[in-house]
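In what follows, a single structure is set out as structure tokens and then discussed.
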């Protein structure tokens, strides 16, 4: 309705000639849902459960802190050789948010949202110690209310205590994507097979024997309309990131070799084994005395002297065994080494057995009452002593004792254990060398956050319609599992349910590449590819937001023309950018709206404006087939 002019003067009216425009929404704004060290903006915990938008690692550290410090890294220093071992699966921190954000930004990531569902800061009254499904579910509910995120990720999900919870949280994420139709889920596998054998699935099957592709295909059982909103990536990645660790909890075992110490031990033991003390001729005088006895009573009276002589030899044997036990590490338990058990076997079979034989001889003498029996017992003792002397002489002369001692682990070394933190002041040079060695340990992570960064990079460089595949991965030394051409055949195509799994592979001369771009709806020709699904998400959301200005506008041809022109212009721009396939715009897309075309009179009476949009989105050339044939020579 025109303004009624009543006062004389000059008036200006601006006439709208151009249709409104569609502003393209962001396509790669991930939401990371998981645990952080803290969640503080002004007061402690005021960001707990609150989605917070950040744009850099600096902002992340400001609001959410660092990684949980590792305490189970082991370090050994043998002479000048330093070796460090990463924490095992059971001792490793379950919280991976900090490392995941590092990989996201390193691979091209930009703005993102952090939803902290729990904090592991040791200063808190009840710091988080485990990843809980209920907490992740709460975070997913919180991010539902935020419109901007377009990707959903759970960096800590692989640390859930059961595979059932793992698949449940991703199923819930896919459900949210289906309901909101403006976001996409990047999914990890629960294990990487060869590198997670300490865990088991709900049936008790170790993940080392359970193929991750089979596990996730059985675990996520949603329909096609949900599966098209997610993509799975495999395997885990070994990165160049540095562990965050507590120096006061890291044990450094220092061992110093001393070759002379081994030789000295051999000499000490050899000197202690003086076979001349085992002189069997001392039994000859006793035997002569027994034979000269006038009667049986006189012979029996000599028995105490025989026992005293036997006890002297038993004492010599006991002293020798004690010296060996005190001087050398002897195997006496199930955890002993084979070398220690070998030396222990010799002591048991030679020395201790002789001790037992002499003890039995004393018992037998108590039952002997004739000179003949007594002399027979003396002969057995004399023979046993001669055998023992021969065995001891042979052991020393042949070098067998030295070989047994040399084989013992730790022989010739001194070992001390200190905390890494104490070395900073006590031995700063060694301290820095150890830190450099620990820095070489690869931090193994699920691939999801890295892939999110690649999505952002490809969207920025090429466009959301370009498949985020055949692109390099930064900050990665190698995939944790080598995926071959044959392995990917099973991952990429699932004949049963179409649940494709995208591989990350190493190629000679090319490096590490993402080598797959399929959604979980791999058997669906419409939604098979990640870029197609994500382009539709972008187009739908962009056009939806631009069309909101026409709500309650007159539902007539004037409005229809303006809406159609607005969408036409937007899609034409997408066609020019290369997102839509076709020689001309009318071949690449169509926009229909109007009475008799998309609406009936009843639709208009009911307040419905129905706009139909069709788009020929470009699809990736997943298989390039070169056909060669012979050609006849021509004149």
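Numbering (my numbering), first residue to last: 487 to 1121.
Positions of the beta carbon are idealized from the N, C-alpha and C atoms, including for glycine.
Best match in the options for proximity to residue i [C-alpha to C-alpha]
i            : options                  : result
residue 546  : 555, 533, 556 and 557    : 533
residue 662  : 676, 716 and 610         : 716
residue 524  : 613, 585 and 642         : 613
residue 952  : 1063, 990 and 923        : 1063
residue 949  : 496, 491 and 513         : 513
residue 1007 : 981, 1001 and 580        : 981
residue 931  : 517, 673, 657 and 655    : 673
residue 505  : 1085, 1044 and 1117      : 1044
residue 658  : 1115, 625 and 585        : 625
residue 736  : 1089, 577, 935 and 633   : 577
residue 722  : 968, 1120 and 1119       : 968
residue 1009 : 1021, 978 and 1030       : 978
residue 710  : 1014, 501, 1031 and 1115 : 1014
residue 617  : 902, 603 and 798         : 603
residue 589  : 940, 1059, 972 and 1112  : 940
residue 675  : 645, 664, 667 and 668    : 645
residue 916  : 740, 724 and 699         : 740
residue 1050 : 1068, 1079, 1069 and 528 : 1079
Identified DSSP bridge partners for residue i
i            : result
residue 741  : 564 and 901
residue 516  : 637
residue 964  : 724
residue 556  : 731
residue 674  : 719
residue 1075 : 1101
residue 957  : 1000
residue 522  : 605
residue 534  : 602
residue 1081 : 1085
Under the three-state DSSP convention, the category residue i falls into
i            : result
residue 569  : strand
residue 975  : helix
residue 1034 : helix
residue 1063 : helix
residue 654  : helix
residue 644  : helix
residue 684  : Caution applies to residue 684, whose pLDDT of 45 falls short of 50 and renders its modelled position unreliable; the value that the coordinates give is listed next. Residue 684 falls in the coil class under three-state DSSP.
residue 551  : coil
residue 1015 : strand
residue 801  : helix
residue 543  : helix
residue 790  : helix
residue 1107 : coil
residue 615  : coil
residue 500  : coil
residue 1006 : coil
residue 1159 : Nothing can be reported for residue 1159, as the shown portion of the chain is limited to 487 through 1121.
residue 906  : helix
residue 695  : Bear in mind that the predicted position of residue 695 carries a pLDDT of just 47, short of 50, making it too unreliable to give a figure here.
residue 493  : coil
residue 474  : Lying before the first or after the last residue shown, residue 474 is absent from the chain, which here runs from 487 to 1121.
Endpoints, beta strand (DSSP E) assigned at residue i
i            : result
residue 1101 : 1097-1101
residue 538  : 538-540
residue 602  : 598-605
residue 992  : 987-993
residue 999  : 997-1001
Enclosing alpha helix (DSSP H) for residue i [first to last residue]
i            : result
residue 916  : 914-925
residue 929  : Note, residue 929: premise wrong, no alpha helix (DSSP H); beta strand (DSSP E) at 929-931.
residue 1085 : From DSSP, residue 1085 is part of no alpha helix (DSSP H); its letter is neither H nor E.
residue 937  : 934-947
residue 580  : Premise fails: residue 580 is in no alpha helix (DSSP H) and is neither H nor E.
residue 704  : 698-705
residue 627  : 619-630
residue 952  : Note, residue 952: premise wrong, no alpha helix (DSSP H); not H, not E.
residue 713  : 710-713
Residue i at chain B interface by Cβ criterion, 8 Å
i           : result
residue 630 : Going by chain labels, chain B is absent from the structure shown, which holds only one protein chain.
- Is the number of C-beta pairs between the segment 1092-1109 and the segment 1033-1053 that are closer than 8 Å three or more? yes
Q. Are three or more beta carbon pairs between the segment 513-522 and the segment 939-949 nearer than 8 Å?
A. yes
message: I want to know whether the segment 594-614 touches the segment 559-573 - three or more CB-CB distances under 8 Å.
response: no
Taking three-plus beta-carbon pairs below 8 Å as touching, is the segment 899-917 in contact with the segment 624-643?
no
- When the Cβ atoms of the segment 585-601 are set against those of the segment 535-553, are three or more pairs found closer than 8 Å? yes
Notebook entry, point to check: Is the segment 618-634 in contact with the segment 985-993, if contact means three or more CB pairs nearer than 8 Å?
Noted result: no
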